[in-house]
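Protein chains in written order, with the working numbering: chain A, -14 to 154; chain H, 160 to 337. Idealized CB from N, CA, C, for every residue including glycine. Just so you know, these numbers come straight off a predicted model, no measurement behind them. A short worksheet on the structure shown next.
Here is the structure:
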């Protein structure tokens, strides 16, 4: 039997792994600024990230698979963010939380990185200053939908292409 | 508006000791400002701190003004705010480094230890060199940074990334750059 794509068994397996992964995202909150307050609000009981299985922040990048960049990234901070991203194991997804991480926001100056996609690839952009918790949950659900679409195998993962900078997942 | 020659015991003491080095004084609603010559700046601060009549025991802040666009000479003006907890009084001391290319004033860390970091900040942002500062290096920007970003001739759009930036066009669709 010849087959171009994944067979029945591997595609079922991929779906299963994707299902497990999208409901057990371990976020690494890279919190640098005021958006952190909104992140806390999302993570707390009222909005409750735990409903999506993404409530347990891992403060080691090696144990995390979702990098939440929350707050302004300065030029001084950029190499540290890059290192944290490099230390994370595959599979990993990056969420830009707040307009400062998306574009630099109103910090169009010498000190601020004009969007973290200039440093690391980004899968999901959340605009807002700061974003409403509902926006964050919406982004999380979109990221879950994306993870479900990716191909997950036992020997690794064939991810979807990282979207061009500035374009939402 | 400000009174050009306010009657103030602290100012009288300063004038008595420094004479011509007190370049200019004015007061607005009881807030006194004194401009001193940079050569006598350290002496003036010592007097303000030690003299029981002034007794300015708290250094609130040190900053700097780049007067390039105001077309004033000398270009830089170092501004120090002091507070006296005994007299509940404040004073603003200004001094104008003589050179525009290598602006230097004396450090007051030996009088006010809390001046250490504000002086480093003024050095970082404006390039003012404080003579006698124990550890004059950048405090906010990174070591590799070239220039002083709050100077008025620092290009607004100049960026100095520490790591190579990913190649992204500035005019991305759906994105507004003002």
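*Put residue 68 of chain A into one of helix, strand or coil per three-state DSSP.*
helix
*Compare the beta carbon distance of residue 169 of chain H and residue 207 of chain H with 9 Å and say whether it is the shorter of the two.*
yes
_residue 176 of chain H (DSSP reduced to helix, strand or coil)_ = helix
_Is there a Cβ of chain A sitting closer than 9 Å to that of residue 300 of chain H, yes or no?_
yes
*Roughly how many angstroms separate the alpha carbons of residue 118 of chain A and residue 311 of chain H, rounded to a whole number?*
40 Å
*residue 21 of chain A versus residue 187 of chain H: straight-line alpha-carbon distance, rounded*: Each residue's Cα considered, the two are about 41 Å apart.
*Note down the Cα distance separating residue 201 of chain H from residue 230 of chain H, rounded to an integer number of angstroms.*
Taking the straight line from one Cα to the other gives about 27 Å.
*asked:* Considering only their Cβ atoms, is the gap separating residue 288 of chain H from residue 261 of chain H smaller than 9 Å?
replied: yes
*asked:* Please report the straight-line C-alpha distance between residue 183 of chain H and residue 171 of chain H, rounded to a whole angstrom.
replied: 13 Å
_Secondary structure, alpha helix (DSSP H): runs of 4+ residues fully inside the stretch 85 to 150 of chain A_ = 118 to 134
*Return the CA-CA distance between residue 253 of chain H and residue 56 of chain A, expressed in angstroms with no decimal places.*
Going by the C-alpha atoms only, they are around 37 Å apart.
*Grab me the residues of residue 204 of chain H's own chain with a C-beta within less than 6 Å of its C-beta, minus the 5 sequence neighbours each way, in chain order.*
267, 270
*Would you mind sorting residue 223 of chain H into buried or exposed? The rule is 16 or more other CB atoms within 10 Å of its CB.*
buried
*Write down the C-beta distance between residue 51 of chain A and residue 39 of chain A rounded to the nearest angstrom, noting that I regard them as a contact closer than 8 Å.*
7 Å
*Who are the neighbours of residue 317 of chain H on chain A, taking C-beta pairs under 9 Å?*
95
*asked:* Can you look up residue 78 of chain A in the DSSP assignment and give me helix, strand or coil?
replied: Strand, per DSSP.
*asked:* Could you compute how far the alpha carbon of residue 218 of chain H sits from the alpha carbon of residue 115 of chain A?
replied: 35 Å
*Measure the alpha-carbon distance for residue 1 of chain A versus residue 32 of chain A and round it to whole angstroms.*
Their backbone Cα atoms lie some 27 Å apart in a straight line.
_Please report the distance separating the alpha-carbon of residue 90 of chain A from that of residue 175 of chain H._
53 Å
*Quick one: is residue 154 of chain A near chain H, going by C-beta distance under 9 Å?*
Bear in mind that the predicted position of residue 154 of chain A carries a pLDDT of just 48, short of 50, making it unreliable; the figure below should be weighed with that in mind. It does not; no Cβ of chain H falls within 9 Å.
*Reduced DSSP secondary structure (H/G/I, E/B, other) of residue 265 of chain H*: strand
*Which bits of chain H does residue 72 of chain A rub up against, with CB to CB less than 7 Å?*
Those do not exist, as residue 72 of chain A stays about 15 Å from chain H at its closest Cβ, beyond 7 Å.
_With the cut-off set at 9 Å, would you say residue 131 of chain A and residue 78 of chain A are in Cβ contact?_
yes
*Cβ neighbours of residue 42 of chain A in the same chain (closer than 6 Å, five flanking residues each side left out)*: Hits under 6 Å: 12, 14.
*How is the alpha helix (DSSP H) around residue 205 of chain H delimited, first residue to last?*
200 to 209
_Whole runs of the beta strand (DSSP E) within the stretch -4 to 37 of chain A, excluding any shorter than 3 residues_ = Residue ranges of uninterrupted beta strand (DSSP E) with 3 or more members, entirely inside the stretch -4 to 37 of chain A and ordered along the chain, are 12 to 16.
*In chain order, what residues of the same chain have a beta carbon less than 7 Å from the beta carbon of residue 197 of chain H, not counting five sequence neighbours either side?*
254, 255, 256, 257, 264
_residue 103 of chain A and residue 320 of chain H closer than 9 Å at C-beta_ = yes
*asked:* Against chain H, with Cβ distances strictly below 9 Å, would residue 54 of chain A count as a contact?
replied: no
*Would you verify that the beta carbon of residue 48 of chain A is, or is not, closer than 9 Å to some beta carbon of chain H?*
no
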